[in-house]
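Written out below as structure tokens is the structure these notes cover.
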Amino acid sequence: MEQIQGSYLYLPEGELDRRAETAYEIYRECRVCPRGCGVDRTGGGRGFCGLGDGLKVSSFVRHYGEEPPLVGQTGVGNIFVTSCNLACSYCQNYQISQEDRGADRPFAVVAEEMLQLQAGGVNFLGWVSPSHIVPGLLKSLALARKKGFRLPIVYNTNAYDSVETLKLLDGVVDVYLPDLKYSDNRIARDLSRAADYVERSREAVLEMFRQVGPLRVRGDGLAERGLMVRHLVLPEGAAGTWETLCFIALELSPRVPVSLMSQYRPVHRALGIPGLARRITASEYQAALAMAGELGFETLFTQDPEDEVHNLPDFRNPNQPFPLDRVRNHESFVC
Ligand code: SF4
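Under this note's numbering, the first residue of the sequence shown carries the number 16, and numbering increases by one thereafter.
What follows is the structure, given as structure tokens:
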């Protein structure tokens with residue numbers, strides 16, 4: 016089948032540049048993400064995420080660890096940006112999200128890297144944890160498009176996104192892939208330093224759903240366009256799985272594919288937090304699957320909780336941070 020084209024190719028002439036400029040202006044009193052730090056990132060100000068108005072990137076890499084409709088045969092071309100607007104105690108990418116491992120890259124260089132990933136044959140370009148740096152990514156995309164870039168964009172996010180910023184991605188992003196992490200703000204505050212996570216993430220996902228609807232998949236199994244929601248099951252019910260799944264089923268649709276992830280591993284600060292210093296059990300994961308079944312989701316993506324292989328990255332090797340890459344990480348399960 017034909018390569019899927021990014022929706023941004025069909026925007027009016029100059030619109031992608033206008034979106035990038037409009038987004039960049041938000042840096043002047045930064046509210047690119049829901050933290051709304053209000054600093055001027057164009058004038059040396061730094062907020063929670065610690066970044067200025069350029070792009071800082073930790074890795075450009077072909078990745079096989081995403082869900083099957085994105086990976087296909089050739090993987091996703093992922094841009095792992097540096098820093099994050101959350102500070103999760105258990106982040107498996109903490110080397111880049113919280114330890115600043117990455118390099119400043121001019122917009123034109125990132126555009127060239129996008130073109131390189133495309134030339135390598137991937138089906139999608141993934142922006143990984145991009146919520147704090149959308150303006151720069153839009154600028155690079157606008158440059159890449161002028162040089163023939165055409166891949167659809169996967170917006171792979173922790174869901175702590177600003178609706179104002181997301182509106183600038185309407186008609187630009189084809190696949191939204193948010194990880195809805197919590198349904199209790201007290202836990203979100205303690206584990207990720209986001210005391211309004213529940214409201215902000217749900218507003219954001221509602222906007223994503225408005226833009227693209229449930230994920231649609233082509234005859235060859237590849238994603239076409241739409242929303243798929245991830246949920247990482249945490250030990251001791253800390254992720255609020257039932258409430259999160261209810262939100263997706265009742266306020267979005269049971270037609271939205273859900274990726275229920277069992278890959279939690281205690282890393283980073285979680286090693287010292289009672290209750291988080293262990294993997295989830297098989298019965299905790301089975302309970303999550305049963306909840307999804309009860310709510311009637313049409314498509315689930317699952318992981319084997321006993322599996323030792325879950326692509327824990329090591330970004331000290333930015334060219335290949337996933338040493339066990341090429342290993343299939345998710346099973347699809349049509350209810
Ligand atoms: S993007 Fe960074 S500086 Fe801007 S509001 Fe969010 S955390 Fe603060």
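Even for Gly, the Cβ is constructed at its ideal location relative to N, Cα and C.
| Asked | Found |
| --- | --- |
| What's the gap between the Cα of R341 and the Cα of D176? | Any answer about R341 is weak, because its pLDDT of 47 lies below 50 and its placement is not dependable; what the coordinates show is given next. The alpha-carbon atoms of R341 and D176 are separated by roughly 30 Å. |
| So what does L247 bridge to, in DSSP terms? | M276 |
| Return yes when at least one heavy atom of ligand 1 lies under 7 Å from the C-beta of C106, else no. | no |
| Would you check if the distance between the CB atom of A102 and the CB atom of S207 is smaller than 8 Å? | yes |
| By a C-beta neighbour count over all protein chains shown, 10 Å radius and 16 as the cutoff for buried, is S298 buried or exposed? | exposed |
| Got a sec? Which residues, its chain only, sit under 7 Å from L26 by beta carbon, not counting five neighbours each side? | G186 |
| My parser needs the alpha helix (DSSP H) runs of 4 or more residues fully inside the region 79-129; what are they? | 83-86 and 109-112 |
| Under a Cβ-count criterion, where at least 16 other Cβ atoms within 10 Å of its own Cβ denotes burial, should T97 be classed as buried or exposed? | buried |
| If you draw a straight line from the alpha carbon of F95 to that of S73, how long is it in whole angstroms? | 6 Å |
| What number of angstroms, rounded off, separates the C-alpha of P121 from the C-alpha of V244? | 31 Å |
| Is the CB-CB distance between E218 and V169 below 8 Å? | no |
| Which residues does DSSP list as the beta-bridge partners of S74? | F95 |
| Go through its chain and collect everything with a Cβ distance to G69's Cβ below 6 Å, but skip five positions before and after it. | D119 |
| Going by DSSP in three states, V227 sits in which element: helix, strand or coil? | helix |
| Pick from Y279, G21 and G62: whose alpha carbon is nearest that of V190? | G21 |
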